[in-house]
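For reference, the structure is listed below as structure tokens.
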Amino acid sequence: MKKPTLLLAAAMLALFSGCSPGEHKDGHHNEEGEHVGAPALVQLDNGKKWLANIETTQGMQSMAQMVDTALSNPDATAVSIKENLLSGFSEILDKCTMTGEPHEQLHHYLVPLKEDIERLDEGNKEEVLADIKAYLATYKNYFE
Numbered sequence: 001m002k003k004p005t006l007l008l009a010a011a012m013l014a015l016f017s018g019c020s021p022g023e024h025k026d027g028h029h030n031e032e033g034e035h036v037g038a039p040a041l042v043q044l045d046n047g048k049k050w051l052a053n054i055e056t057t058q059g060m061q062s063m064a065q066m067v068d069t070a071l072s073n074p075d076a077t078a079v080s081i082k083e084n085l086l087s088g089f090s091e092i093l094d095k096c097t098m099t100g101e102p103h104e105q106l107h108h109y110l111v112p113l114k115e116d117i118e119r120l121d122e123g124n125k126e127e128v129l130a131d132i133k134a135y136l137a138t139y140k141n142y143f144e
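Using this note's numbering, read the sequence shown as starting at 1 and increasing by one per residue.
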């Protein structure tokens with residue numbers, strides 16, 4: 001298997017380890033295999049934004065603040081930034097209370113974010129943080 005394929009598989013496994021098959025603590029179901037394959041593009045709800053739970057929106061805002069802090073602190077290491085962002089990402093998954101199509105669209109949104117976080121290292125820190133910042137700014141285009 002090629003290295004990019006292995007990396008994508010590892011990223012997908014890590015992404016959905018917090019959103020395991022079966023029933024979430026809030027009672028909605030996630031069928032096994034539901035998130036396999038390339039991420040789909042986020043779609044609006046017939047031209048309207050999806051309603052997200054407050055914890056998800058707060059988690060996205062928190063991650064945006066983490067990125068801003070990291071960008072303003074050149075001494076912050078990519079390792080520590082990545083750990084903080086992954087922790088924030090996991091918290092969003094842990095507090096997931098969305099169901100149905102809004103839930104699916106959130107996961108479509110989160111896959112590229114997780115991929116960006118995973119590629120963060122010392123050699124590309126500023127570039128990847130700028131990408132993450134720009135991507136997080138699009139959250140409000142799809143969710144309210």
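Even glycine gets a Cβ: it sits at the ideal position worked out from N, Cα and C.
Alpha carbon to alpha carbon, how far is residue i from residue j?
i, j, result
"N84", "P74", "16 Å"
"S80", "E127", "16 Å"
"A130", "T99", "31 Å"
"S87", "S62", "11 Å"
"K95", "E55", "6 Å"
"D68", "K133", "8 Å"
"F89", "G59", "8 Å"
"K49", "K140", "8 Å"
"H103", "E122", "33 Å"
"Y135", "H108", "13 Å"
Does residue i pass the burial test, meaning 16 or more other C-beta atoms within 10 Å, or should it be called exposed?
i, result
"Q43", "exposed"
"N30", "Residue confidence is low: N30 scores 38 on pLDDT, short of 50, so the model does not pin down where it sits. Its coordinate-derived value is still stated next. Classification of N30: buried, given that the 10 Å Cβ count is 16 or more."
"L113", "buried"
"L41", "exposed"
"A52", "buried"
"K25", "Low local confidence applies: a pLDDT of 39 at K25 is under 50, so the model's placement there is unreliable, and no value is given."
Closest to residue i by C-alpha separation, out of the options, would be which residue?
i, options, result
"I92", "G100, P112 and L106", "L106"
"I117", "Q61, Q58 and A78", "A78"
"K82", "Y135, Y142, R119 and A130", "R119"
"K125", "A70, G47 and N46", "A70"
"A137", "A64, D45 and N46", "A64"
Could you please give me the residues that DSSP links to residue i through a beta bridge?
i, result
"K48", "D45"
Should residue i be counted as a contact of the ligand ADP given a C-beta to heavy atom distance under 7 Å?
i, result
"E115", "As far as ligands go, the structure on display features none, and thus does not contain the ligand ADP."
- Item | Whole alpha helix (DSSP H) elements within the region 57-118, 4-residue minimum | 78-94 and 100-118
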